[in-house]
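There are 2 protein chains.
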Amino acid sequence: MPDDTLDETAKQILKAASRRFLHYGYGKTTMSEIAKDCNMSTGNLYRYFPSKLDIAEMFVRVLRRDQLAQLRDIADTSGVTPADKLRAFLVAKFQLAYERFHDKPKAFELSSSLLSERPKIAVEWEEMERQVLAGILREGDQIDAFAIDDPDAIAKTLLDAAYRFTSAAVFHEGEFGALEAELQGIVDLALDGFAWRKAKKHQMAPVA
Amino acid sequence: MPDDTLDETAKQILKAASRRFLHYGYGKTTMSEIAKDCNMSTGNLYRYFPSKLDIAEMFVRVLRRDQLAQLRDIADTSGVTPADKLRAFLVAKFQLAYERFHDKPKAFELSSSLLSERPKIAVEWEEMERQVLAGILREGDQIDAFAIDDPDAIAKTLLDAAYRFTSAAVFHEGEFGALEAELQGIVDLALDGFAWRKAKKHQMAPVA
DNA sequence: CTATTGAACGTTTTATATAGTAATCAGAGG
DNA sequence: CCTCTGATTACTATATAAAACGTTCAATAG
């Protein structure tokens with residue numbers, strides 16, 4: 001959504017700002033540089049964005065929209081078991097956090113600056129990602145792969161359990177492969193937990 | 001161990017420093033203040049501790065020794081199922097981290113300062129705690145409550161899964177009760193995972 | 001010889017002055 | 001009217017000077 005409701009001038013500003021944000025970082029990019037890149041005055045920038053931070057927010061929103069789309073793709077792929085989707089979802093989320101921290105330091109700095117000033121945005125994203133994960137769980141319940149009462153609560157639990165590997169705020173030390181293996185250990189255990197709950201449900205049903 | 005190998009003068013220094021660390025924080029405590037409290041010169045402090053940071057390290061070691069003892073007590077209690085021990089262990093670890101962050105800001109600052117300069121100490125403590133948890137798992141395996149191949153690896157997985165709630169480095173927002181409930185959700189799922197593995201093992205055994 | 005001192009040293013932290021920046025707004029241009 | 005400007009303002013960050021700090025060590029005391 002973010003991109004499309006903007007007029008041409010706003011897009012131009014966003015593009016110029018994005019280039020500088022990625023190259024020099026948020027703190028080292030000035031409004032007058034952005035204005036100069038667009039051949040306009042600093043004052044005019046404020047006709048299109050309320051503040052510098054709002055330009056950054058729009059930029060990060062675009063990035064995150066793409067990442068969320070990636071996670072949705074995983075959830076919507078047909079011919080994959082819910083268990084594999086769950087696994088793929090968490091590994092992809094880990095991979096995104098890992099890359100952001102290790103390979104894209106400027107984007108990481110930008111995200112950090114933004115989220116420290118606008119914490120609600122993080123909550124909003126977490127909520128959206130949780131819904132995608134809850135969708136996978138719900139599908140698993142319907143297909144009878146899992147037995148899940150409250151998909152949203154379980155999604156929260158899974159995200160908590162994977163937090164160490166999926167939160168960009170946590171420092172990721174160690175090799176990618178080693179960290180991924182540890183995450184897989186968590187996923188394995190969770191899937192076995194689901195298997196047990198499913199078995200228990202089927203066993204109980206006739207009794208009740 | 002830390003406390004006992006020290007002579008009287010060193011204990012006196014440690015005591016004076018501890019009082020100031022807890023009251024004013026590590027950064028706002030100076031070596032000359034500690035010296036004055038002990039009626040000695042700054043230079044003499046260095047006959048008993050190599051540096052200010054080493055005084056802090058000794059102080060925190062004493063704190064942590066008590067906390068580790070608390071966790072060992074949980075593991076060594078008789079008449080409690082391994083599952084309940086596991087739960088109690090993780091909840092206690094969460095509670096310690098929560099208190100350190102919320103109720104003892106100076107101790108938290110001290111820990112942070114120390115661990116940023118001496119990261120190996122954190123690794124050392126994690127290792128010790130993991131061994132205690134692995135002991136609980138091993139007991140569970142022997143009693144046949146769990147089916148666990150590699151207790152140490154599984155302990156690592158559990159600590160990873162609980163990381164969000166047990167790492168002092170992670171900002172704990174929200175009420176204690178709500179956070180504990182989320183942690184319990186993780187423990188529940190993990191225990192169900194163990195139950196499944198146990199069931200699977202018994203089912204497989206006759207076949208092989 | 002051992003235990004202690006306190007001035008001296010190099011570094012870090014803090015206080016202050018300076019420069020630069022984000023955001024505003026009265027007015028120019030179309 | 002509506003769009004845009006750039007000098008102005010209040011604030012923030014950077015650079016510089018001053019104070020404080022951790023640490024050392026030659027000298028002193030017992």
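Protein chains in written order, with this note's numbering: chain A, 1 to 208; chain B, 1 to 208.
C-beta atoms are modelled at their ideal positions from N, C-alpha and C, and glycine is treated no differently.
Just so we're clear, the structure is a prediction, and the values are computed from it rather than from any experiment.
Where residue 41 of chain B falls, given that 16 or more other Cβ within 10 Å makes a residue buried: Position 41 of the second sequence, counted from the start, is the residue given in the question as residue 41 of chain B. Burial call: exposed.
Could you round the C-beta distance between residue 94 of chain A and residue 166 of chain A to whole angstroms and report it? I think they count as a contact, below 8 angstroms. The residue labelled residue 94 of chain A in the question sits at position 94 within the first sequence. The residue labelled residue 166 of chain A in the question sits at position 166 within the first sequence. Contact flag correct, Cβ pair sits at about 5 angstroms.
Please list the terminal residues of the continuous alpha helix (DSSP H) segment that includes residue 106 of chain B. If you number the second sequence from 1, residue 106 of chain B lands on position 106. That run of the alpha helix (DSSP H) goes 105-117.
Determine the direct distance from the alpha carbon of residue 147 of chain B to that of residue 130 of chain B, and round the result to whole angstroms. The residue you call residue 130 of chain B lines up with position 130 of the second sequence. The residue you call residue 147 of chain B lines up with position 147 of the second sequence. Going by the C-alpha atoms only, they are around 18 angstroms apart.
Restricting to Cα atoms, I'd like to know which of B:160, B:47, B:170 is closest to residue 8 of chain B. Walking along the second sequence from the start, residue 8 of chain B turns up at place 8. Per the Cα distances, B:47.
Out of B:43, B:23, B:22, state which residue places its alpha-carbon closest to the alpha-carbon of residue 31 of chain B. Counted from its first residue, the second sequence places residue 31 of chain B at position 31. The shortest Cα separation from residue 31 of chain B among B:43, B:23, B:22 belongs to B:43.
Proximal residues of chain A, C-beta to C-beta of residue 166 of chain B below 7 angstroms: Along the second sequence, read from residue 1 onward, the residue named residue 166 of chain B stands at position 166. In chain order: nothing, as chain A lies at least about 10 angstroms away.
CA-CA distance, residue 187 of chain A and residue 91 of chain A? Here residue 187 of chain A is taken as the residue at index 187 of the first sequence, counted from 1. Here residue 91 of chain A is taken as the residue at index 91 of the first sequence, counted from 1. Cα to Cα, the separation comes out at about 9 angstroms.
I'd like the list of long-range same chain contacts for residue 70 of chain A, defined as Cβ closer than 7 angstroms, with 5 residues on each side in sequence excluded. Your numbering for residue 70 of chain A matches position 70 in the first sequence. Counting only Cβ-Cβ distances below 7 angstroms, and skipping sequence neighbours, we find 92.
For residue 49 of chain A, which residues in the same chain have their Cβ closer than 6 angstroms to its Cβ, ignoring the five residues on either side in sequence? The residue given as residue 49 of chain A occupies position 49 in the first sequence. Result list for residue 49 of chain A: 55, in chain order.
6 angstroms Cβ shell around residue 83 of chain B - same chain, five flanking residues per side excluded: Position 83 of the second sequence, counted from the start, is the residue given in the question as residue 83 of chain B. Hits under 6 angstroms: 191.
Short CB-CB distance (under 7 angstroms) between residue 135 of chain A and chain B: Translated into positions along the first sequence, residue 135 of chain A becomes position 135. So no, residue 135 of chain A is outside the interface.
Applying a beta-carbon distance threshold of less than 9 angstroms, which residues of chain B neighbour residue 156 of chain A? Locating residue 156 of chain A in the first sequence gives position 156, where the first residue counts as 1. Those are 182, 185, listed as they occur along chain B.
Between the C-alpha atoms of residue 89 of chain B and residue 24 of chain B, what's the straight-line distance to the nearest angstrom? Within the second sequence, the letter at position 89 stands for residue 89 of chain B. Within the second sequence, the letter at position 24 stands for residue 24 of chain B. In a straight line, the C-alpha of residue 89 of chain B is about 32 angstroms away from that of residue 24 of chain B.
What residues in its chain sit with their C-beta under 7 angstroms from that of residue 235 of chain B, if we drop five residues either side in the sequence? Because residue 235 of chain B is not part of the residues shown, which for chain B are 1 to 208, the question remains open.
Same chain only: Cβ atoms within 8 angstroms of residue 59 of chain B, ignoring 5 sequence neighbours per side: Taking the second sequence and counting its residues from 1, the one referred to as residue 59 of chain B is at position 59. Contacts found: 14, 17, 18, 21, 110.
State the DSSP-derived secondary structure class of residue 6 of chain B, mapped to helix, strand or coil. Residue mapping note: residue 6 of chain B aligns to position 6 of the second sequence, counting from 1. In this structure, residue 6 of chain B counts as coil in the three-state DSSP scheme.
Closest Cβ-Cβ distance between residue 196 of chain B and chain A: below 7 angstroms? Counting from 1 along the second sequence, the entry for residue 196 of chain B is found at position 196. It does; some Cβ of chain A falls within 7 angstroms.
Compare the Cα-Cα distances from residue 61 of chain A to each of A:103, A:45, A:124, A:51 and report the closest residue. In the first sequence, counting from the first residue as 1, residue 61 of chain A sits at position 61. The candidate whose alpha carbon is nearest that of residue 61 of chain A is A:124.
Report yes or no: do three or more beta-carbon pairs, one from the stretch 171-180 of chain B and one from the stretch 179-186 of chain A, lie closer than 8 angstroms? no
Within 7 angstroms of any Cβ in chain A, is that where the Cβ of residue 190 of chain B sits? What you label residue 190 of chain B is simply residue 190 of the second sequence in a count that begins at 1. Chain A, which has a Cβ nearer than 7 angstroms to the Cβ of residue 190 of chain B, makes this yes.
Residues that residue 224 of chain B contacts on chain A, provided the C-beta gap is smaller than 9 angstroms: The first residue shown for chain B is 1 and the last is 208, placing residue 224 of chain B beyond what the model contains.
For a contact meaning CB atoms closer than 7 angstroms, what does residue 152 of chain A contact in chain B? The sequence position of residue 152 of chain A within the first sequence is 152, counting from 1. By Cβ distance, chain B contributes nothing, its closest Cβ being about 12 angstroms from residue 152 of chain A, past 7 angstroms.
Rounding to the nearest angstrom, what Cα-Cα distance links residue 35 of chain A and residue 45 of chain A in this structure? As a position in the first sequence, residue 35 of chain A is number 35, starting the count at 1. As a position in the first sequence, residue 45 of chain A is number 45, starting the count at 1. Taking the straight line joining both Cα atoms gives about 7 angstroms.
Tell me whether residue 49 of chain B sits in a helix, a strand or coil according to DSSP, three-state version. Mapped onto the second sequence, residue 49 of chain B falls at position 49. The answer is coil: DSSP assigns residue 49 of chain B none of H, G, I, E or B.
Look up residue 29 of chain A in the DSSP assignment and say whether it is helix, strand or coil. For the purposes of this step, residue 29 of chain A is identified with residue 29 of the first sequence, where counting begins at 1. Note: residue 29 of chain A maps to coil in three-state DSSP.
Between residue 111 of chain B and chain A, is any beta-carbon pair separated by less than 7 angstroms? Position 111 of the second sequence, counted from the start, is the residue given in the question as residue 111 of chain B. Residue 111 of chain B does not count as touching chain A.
Which residue from B:118, B:161, B:79 puts its Cα closest to that of residue 185 of chain A? Working through the first sequence from its first residue, we reach residue 185 of chain A at position 185. Of the listed residues, the one whose Cα sits closest to residue 185 of chain A is B:161.
Please list the partners that residue 160 of chain B has in chain A, where partner means a Cβ-to-Cβ separation under 7 angstroms. Taking the first residue of the second sequence as 1, we reach residue 160 of chain B at position 160. The contacting residues are 164, 182, 186.
So with Cβ pairs under 7 angstroms, would you call residue 140 of chain A a contact of chain B? For the purposes of this step, residue 140 of chain A is identified with residue 140 of the first sequence, where counting begins at 1. So no, residue 140 of chain A is outside the interface.
Given residue 64 of chain B, which residues of its chain have a CB within under 8 angstroms of its CB, disregarding the five upstream and five downstream residues? As a working note, residue 64 of chain B is residue 64 in the second sequence. Around residue 64 of chain B: 125.
Give a yes or no on whether the C-beta atoms belonging to residue 169 of chain B and residue 155 of chain B are separated by under 7 angstroms. For this step, residue 169 of chain B is matched to residue 169 along the second sequence. For this step, residue 155 of chain B is matched to residue 155 along the second sequence. Contact flag unset, no.
As assigned by DSSP and simplified to three states, the class of residue 94 of chain B: Stepping through the second sequence from its first residue, residue 94 of chain B is reached at position 94. DSSP places residue 94 of chain B in helix when its eight states are reduced to three.
Is there a Cβ of chain A sitting closer than 7 angstroms to that of residue 193 of chain B, yes or no? In the second sequence, residue 193 of chain B corresponds to position 193, counting from 1. Cβ-Cβ to chain A under 7 angstroms: yes for residue 193 of chain B.
Please confirm whether residue 26 of chain B and residue 113 of chain B have their CB atoms less than 7 angstroms apart. Position 26 of the second sequence, counted from the start, is the residue given in the question as residue 26 of chain B. Position 113 of the second sequence, counted from the start, is the residue given in the question as residue 113 of chain B. Contact: yes.
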